[in-house]
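Contents: one structure, followed by commentary.
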Amino acid sequence: PIYEGGTGEHDTVNSYNGKVFNVDGKAVYNGYGAAARLSKDNGVYYEAGLRAGKLKNDLSNALMDKNGLSYDYKTESDYFGYHVGVGKEVALENGDQLDVYARYYHTQVDDDSFTVAAGDAYSLDKVYSDKVRLGGRYTDNLNEAVKVYYGAAYEYEFSGEAEGSVNGYALSESDLGGSSFVGELGLLMNNPGSAWTVDMALQAYGGQREGVGGKVQAIYHF
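Just so we're aligned, residue 2 is where the sequence shown starts under the working numbering, counting upward by one.
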């Protein structure tokens with residue numbers, strides 16, 4: 002079983018009618034799901050996961066009218082996703098490990114609507130994301146309780162289009178499709194004999210997607 006929750010901030014530079022303005026946004030999500038992995042004696046494994054939850058977006062100065070006035074808006078939508086993957090773990094000297102994998106991810110965010118202070122009604126369509134990730138991770142076994150890992154991956158987004166309308170007129174489409182590269186640096190902590198593992202990591206993205214991210218996970222093994 003999985004519980005997930007997170008928050009992120011983003012900013013964009015936009016232009017309208019010859020004017021340039023910055024948009025600040027914050028996203029918060031909470032959800033639940035389940036995941037499973039089947040591991041073979043030769044190091045090959047198969048995995049799959051399902052998740053669903055609620056995504057909230059809060060954007061400031063996101064819209065501008067012809068008079069140069071800017072407007073904020075908020076959205077709240079359900080999301081659903083799944084992934085499937087296959088990989089192989091190779092045991093190295095001193096307890097080190099190499100993991101190579103391929104994964105496919107599908108995510109969808111439901112539609113939503115809102116009205117800004119000027120009275121204009123916006124409708125946002127469902128957003129679909131389908132991407133594949135090919136990567137590898139090297140885990141350095143420092144001692145019985147602490148491991149450090151380094152990873153790199155290539156991602157290709159097949160869809161990622163966002164569409165909508167205002168007062169019945171179509172909005173310009175945005176598209177996150179294309180290639181991205183991901184690097185990660187992580188730390189695994191697990192005291193001998195404990196069923197708990199703490200996983201902390203930083204990720205950096207380049208290409209079609211750019212930015213940095215992080216995670217903290219507590220995992221119970223049974």
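We treat Cβ as the ideally placed atom computed from N, Cα and C, and that holds for glycine.
Enumerate in chain order the residues of its own chain whose CB-to-CB distance from residue i is below 7 Å, with the five nearest sequence positions on each side excluded.
i      : result
Leu177 : Glu158, Gly161, Gln209, Arg210
Leu186 : Tyr151, Ala202, Leu203
Ser71  : Phe22, Asn62, Leu64, Met65
Return helix, strand or coil for residue i, following the three-state DSSP convention.
i      : result
Asn191 : coil
Glu94  : helix
Asn15  : strand
Leu135 : strand
Phe182 : strand
Asn144 : coil
Glu5   : strand
Gly88  : strand
Ala119 : coil
Asp100 : strand
Who are the Cβ neighbours of residue i in its own chain at under 6 Å, not counting the five residues just before and after it?
i      : result
Tyr106 : His84, Lys132
Tyr47  : Leu39, Val87
Glu164 : Asp126, Glu174
Ser181 : Glu156, Tyr206, Gly208, Gln209, Arg210
Ser124 : Ser114, Gly165, Ser166
Could you please give the first and the last residue of the uninterrupted beta strand (DSSP E) stretch that includes residue i?
i      : result
Arg38  : 20-40
Lys1   : An answer regarding residue 1 cannot be provided, because it is not within the stretch 2 to 223 covered by the chain.
Phe115 : 113-116
Gly207 : 197-208
Leu172 : Counting along the chain, Leu172 falls outside any beta strand (DSSP E), and DSSP gives it neither H nor E.
Asp160 : First, the amino acid is wrong: residue 160 is Ser here, not Asp. From DSSP, Ser160 is part of no beta strand (DSSP E); its letter is neither H nor E.
Take residue i and list the residues in its own chain whose beta-carbon comes closer than 8 Å to its own, dropping the five residues that flank it on each side.
i     : result
Asn23 : Asp12, Thr13, Val14, Asn15, Asn62
Asn95 : Asn142
Mind checking who residue i pairs with in its DSSP beta bridge?
i      : result
Asp222 : Residue 222 is actually His in this sequence, not Asp. According to DSSP, His222 bridges with nothing at all.
Leu60  : Gly26, Tyr74
Consider the Cβ of residue i: report whether some Cβ of chain C lies at a distance smaller than 9 Å.
i      : result
Val199 : The structure shown contains no chain C; it is built from a single protein chain.
Counting pairs of beta carbons, one from the stretch 133-148 and one from the stretch 67-80, are three or more of them closer than 8 Å?
-> Contact between the stretch 133-148 and the stretch 67-80 is not established, with fewer than three Cβ pairs separated by less than 8 Å.
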